[in-house]
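*Asks:* Take the position in the sequence shown, starting the count at 1, then add 11; the result is the number in my numbering.
One structure follows; several queries about it will come next.
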Amino acid sequence: MEPFSIRNKIKKEYSGYGKASKELRNRLLQLYGYPYSGDEYNFGTNNTNWIHAKKFSKDLQMHFGKKISIEDFRDETKTTYDNVFDFIELYYKRALQDLDYNKRNLLYRDIRSAFKNSGSVYEFSEGGLVILALEKETIENINVIKNILEPYYDAKDKFVNLCNGLIDRSIDPSDAIGDMFIVFEDYLKKITRQNSFENAIRELRKFLHKIQIKLIDNLKAYRGDVWGPAHAGNSPKPSEEEALWYLEMLLSQIKYINRKIK
Numbered sequence: 012m013e014p015f016s017i018r019n020k021i022k023k024e025y026s027g028y029g030k031a032s033k034e035l036r037n038r039l040l041q042l043y044g045y046p047y048s049g050d051e052y053n054f055g056t057n058n059t060n061w062i063h064a065k066k067f068s069k070d071l072q073m074h075f076g077k078k079i080s081i082e083d084f085r086d087e088t089k090t091t092y093d094n095v096f097d098f099i100e101l102y103y104k105r106a107l108q109d110l111d112y113n114k115r116n117l118l119y120r121d122i123r124s125a126f127k128n129s130g131s132v133y134e135f136s137e138g139g140l141v142i143l144a145l146e147k148e149t150i151e152n153i154n155v156i157k158n159i160l161e162p163y164y165d166a167k168d169k170f171v172n173l174c175n176g177l178i179d180r181s182i183d184p185s186d187a188i189g190d191m192f193i194v195f196e197d198y199l200k201k202i203t204r205q206n207s208f209e210n211a212i213r214e215l216r217k218f219l220h221k222i223q224i225k226l227i228d229n230l231k232a233y234r235g236d237v238w239g240p241a242h243a244g245n246s247p248k249p250s251e252e253e254a255l256w257y258l259e260m261l262l263s264q265i266k267y268i269n270r271k272i273k
């Protein structure tokens, strides 16, 4: 059961996009040391169910290319948010090697709680990765669009890949926006049986209000304006937050158009 302040939405911590708040850092650092990690002095020579601090220190050195103090991950002036996320992913990776199933599950639960209790826009996945935490409604809409795109295999496959890439942060937000519009454009051409975006829009004018058409044009213009590998636009490079906004806009457009045309 969640504590009173969280249950009643009194506690309002927030750790935003491209951020690891002080509270999140502190919670994650609380998980370093007893009862999860240390050395023989902490656990005894007959107990092997602990994360070996010396081995983990070497993991960090190999990753960062230098010796780094654990306490540096608590300090926002010494480590960036991605450094902190690397730290906890490497820590859990070491746990997979050193801890038994039960203790590993306890650590996993505590890591997830650290993100949730800090109001982070990220969460910790079962695969041991820090990923974007999506709203329930967004997840439901993604599943709806998967079903709508079912007859169009290429578009559905690309849509699933870009959603996964955005969530697990393996795709740059600007690339994700570009790929999203490609899927949207492909869907519009297929549903209108046209061979170009312009012809698809001409066909859609028979079904949609002119303001709706203008919205589609604006989504295309935004995609062309943001910074990306193929086009250096006038707007700043989009963040994960803006990529999620763009995704949600396209999800709503596909749902609406599907209802109007089918």
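Every residue gets a Cβ at the ideal spot worked out from N, C-alpha and C, and that includes glycine.
(1) Apply the 10 Å Cβ neighbour rule to Glu146 and answer buried if 16 or more other Cβ atoms are within range, or exposed otherwise.
(2) Does Val194 come out as helix, strand or coil in the three-state DSSP assignment?
(3) Apart from the five residues just before and just after Leu101, which ones in its own chain have a Cβ nearer than 8 Å to its Cβ?
(4) Would you identify the three-state DSSP class for Val132, choosing helix, strand or coil?
(5) Taking 8 Å as the limit between beta carbons, can you name the residues of its chain near Leu230, skipping five residues before and five after?
(6) Should the region 103-119 be regarded as contacting the region 212-232, the criterion being three or more beta carbon pairs within less than 8 Å?
(7) Is Leu42 buried or exposed, if buried means 16 or more other CB atoms sit within 10 Å of its CB?
(8) Locate the alpha helix (DSSP H) running through Leu40, then write down its first and last residues.
(9) If we ignore side chains and look at the alpha-carbon of each, how far apart do Leu160 and Asn210 end up?
(10) Roughly how many whole angstroms lie between the Cα atoms of Phe170 and His220?
(11) Along the alpha helix (DSSP H) that carries Ile159, what are the first and last residues, could you check?
(12) If distances are taken between C-alpha atoms only, which option among Tyr25, Gly49, Asp190 comes closest to Arg105?
(13) What residue from Thr149, Ile268, Arg36 has the CA that sits closest to Ala4's CA?
(14) If contacts are defined as beta-carbon pairs under 8 Å, then Pro184 and Pro249 qualify, I think. What distance do you get, rounded to the angstrom?
(15) To the nearest angstrom, how far is it from the Cα of Tyr20 to the Cα of Gln205?
(16) Check the C-beta distance from Tyr133 over to Ile122 and give it rounded, since I have them as a contact under 8 Å.
(17) If we call anything under 7 Å between Cβ atoms a contact, is Lys201 one with Tyr163?
(18) So for Leu258, helix, strand or coil by DSSP?
(19) Using C-beta distances below 7 Å, list every residue in its chain close to Val274, excluding the 5 sequence neighbours before and after it, in chain order.
(20) With DSSP run on the structure shown, which of helix, strand or coil describes Leu215?
(21) In terms of alpha-carbon separation, which member of Val237, Lys266, Gly139, Phe15 lies closest to Asn154?
(22) Taking 7 Å as the cut-off, decide whether the C-beta atoms of Asp179 and Leu215 are in contact.
(23) Taking the alpha-carbon positions, what's the Ala166 to Lys157 distance?
(24) Quick one: residues in its chain with C-beta nearer than 7 Å to the C-beta of Tyr92, no 5 flanking neighbours on either side, listed in chain order?
(25) Here's a check: name, in chain order, each residue in its chain whose Cβ is nearer than 6 Å to the Cβ of Ala64, leaving out the five neighbours to either side.
(26) Among residues of its own chain, excluding the 5 on either side of Thr90, which ones have a beta-carbon nearer than 7 Å to its beta-carbon?
(27) Exposed or buried, which one is Leu107 when buried takes at least 16 other CB atoms within 10 Å?
*Replies:* Straight from the coordinates:
(1) Here residue 146 corresponds to residue number 135 of the sequence shown, with the count starting at 1. Glu146 sits exposed, since fewer than 16 C-beta atoms from the chains shown fall within 10 Å of its C-beta.
(2) Within the sequence shown, the letter at position 183 stands for residue 194. Three-state DSSP puts Val194 in a helix.
(3) As a first step, residue 101 is located in the sequence shown; it is residue number 90 there, counting from the start. For Leu101, where only same-chain residues beyond five positions count, the Cβ hits under 8 Å are Phe67, Asp70, Leu71, His74.
(4) In the sequence shown, the residue the question calls residue 132 occupies position 121. In the structure shown, the three-state DSSP call for Val132 is coil.
(5) As a working note, residue 230 is residue 219 in the sequence shown. Cβ within range, chain order: Phe192, Phe195, Tyr257, Met260, Leu261, Gln264.
(6) Contact fails: fewer than three Cβ-Cβ distances are below 8 Å.
(7) Numbered from its first residue, the sequence shown carries residue 42 at position 31. By the neighbour-count criterion, in which a residue is buried when 16 or more other Cβ atoms sit within 10 angstroms of its Cβ, Leu42 is buried.
(8) By one-based count along the sequence shown, residue 40 stands at place 29. Under the DSSP assignment, Leu40 falls in the alpha helix (DSSP H) whose first and last residues are 33-41.
(9) Stepping through the sequence shown from its first residue, residue 160 is reached at position 149. Stepping through the sequence shown from its first residue, residue 210 is reached at position 199. C-alpha of Leu160 to C-alpha of Asn210: approximately 20 Å in a straight line.
(10) The sequence position of residue 170 within the sequence shown is 159, counting from 1. The sequence position of residue 220 within the sequence shown is 209, counting from 1. Whole-angstrom Cα-Cα distance: 26 Å.
(11) Here residue 159 refers to the residue found at position 148 when the sequence shown is read from its first residue. Its alpha helix (DSSP H) spans residues 147-159.
(12) Looking up residue 105 in the sequence shown gives position 94. Closest by alpha carbon: Gly49.
(13) Lying outside 12 to 273, the shown extent of the chain, residue 4 is not represented and no answer is given.
(14) Sequence index remark: in the sequence shown, residue 184 carries index 173 (1-based). Sequence index remark: in the sequence shown, residue 249 carries index 238 (1-based). Their Cβ separation, rounded to whole angstroms, is 5 Å, which keeps Pro184 and Pro249 in contact under 8 Å.
(15) Within the sequence shown, residue 20 is the residue found at index 9, counting from 1. Within the sequence shown, residue 205 is the residue found at index 194, counting from 1. Note that residue 20 is Lys in the sequence shown here, rather than Tyr. Approximately 49 Å between the Cα atoms of the pair.
(16) Along the sequence shown, read from residue 1 onward, the residue named residue 133 stands at position 122. Along the sequence shown, read from residue 1 onward, the residue named residue 122 stands at position 111. No, Tyr133 and Ile122 are not in contact; Cβ-Cβ is about 11 Å, not under 8 Å.
(17) Along the sequence shown, read from residue 1 onward, the residue named residue 201 stands at position 190. Along the sequence shown, read from residue 1 onward, the residue named residue 163 stands at position 152. The answer is yes: Cβ separation under 7 Å.
(18) Position 247 of the sequence shown, counted from the start, is the residue given in the question as residue 258. Secondary structure of Leu258 (DSSP, three-state): helix.
(19) No information on residue 274 is available, as it lies outside the stretch 12 to 273 that the chain covers here.
(20) The count along the sequence shown starts at 1 and reaches residue 215 at position 204. Of the three classes helix, strand and coil, the one that applies to Leu215 here is helix, per DSSP.
(21) What you label residue 154 is simply residue 143 of the sequence shown in a count that begins at 1. Looking at the Cα atoms, Lys266 is the closest of the given residues.
(22) Taking the sequence shown and counting its residues from 1, the one referred to as residue 179 is at position 168. Taking the sequence shown and counting its residues from 1, the one referred to as residue 215 is at position 204. Result no, Cβ atoms of Asp179 and Leu215 do not sit closer than 7 Å.
(23) The residue given as residue 166 occupies position 155 in the sequence shown. The residue given as residue 157 occupies position 146 in the sequence shown. Each residue's alpha carbon lies about 9 Å from the other.
(24) To locate residue 92, count along the sequence shown from 1; it is residue 81. In its chain, beyond the 5 residues on either side, Gly29, Lys30, Ala31 have a beta carbon closer than 7 Å to the beta carbon of Tyr92.
(25) Here residue 64 refers to the residue found at position 53 of the sequence shown. Here Ala64 has Ser48, Gly49, Asp50 as same chain residues with Cβ atoms under 6 Å from its own Cβ, once five neighbours each way along the sequence are excluded.
(26) In the sequence shown, residue 90 corresponds to position 79, counting from 1. Excluding sequence neighbours, Thr90 sits near Asp83, Phe84.
(27) For the purposes of this step, residue 107 is taken as the residue at position 96 of the sequence shown. Residue burial annotation: Leu107 is exposed, with fewer than 16 other C-beta atoms found within 10 angstroms of its C-beta.
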